[in-house]
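Chemist: Counting in my numbering, the sequence shown runs from 84 upward without gaps.
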Amino acid sequence: MLKSSLLLGAAIRDFYPKDPNLTSEKQLLGALHEVLEKLQTKRIPPWEKKFGQVPMCDVGEQCAVRKGSRIGKMCDCPRGAFCNFFLLKCL
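1. Go ahead and pull the three-state DSSP assignment for Ala147.
2. Let me check understanding here. Comparing Cα to Cα, which of Gln123, Val142, Arg153 and Val137 lies closest to Arg162?
3. Check whether the Cβ atoms of Gln60 and Lys172 lie closer than 9 angstroms to each other.
4. Quick one: Cα of Glu108 to Cα of Asn167, how far?
5. Would you report the Cα separation of Gly155 and Gly113, rounded to the nearest angstrom?
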């Protein structure tokens, strides 16, 4: 019994590489860190959430998002422009 468990342990150690490829893991962690930083900078300040305000966007910029049959407004278009919910842009 002891001999079979030693052989099994040796087989498991041989299956996993002794020197794992850490560079790909580091690249993935770096990419994940960049994405998390971008998401953190895109957050709406709490006072804008509290008063139901959305940031202003420029003409031609995307102002809404469509998720199935629902449309969500991302920003307010400037005065004289409106958010076209077909193109999802300020016109």
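Note that beta-carbon positions come from the ideal geometry of N, C-alpha and C, so glycine has one too.
Modeler: Considering the structure as presented:
1. It is a strand residue.
2. Answer by Cα proximity: Val142.
3. The chain is shown from 84 up to 174; residue 60 falls before or after that span and cannot be answered.
4. Straight-line Cα distance between these residues: approximately 43 angstroms.
5. Per the coordinates, the alpha-carbon of Gly155 lies some 31 angstroms from the alpha-carbon of Gly113.
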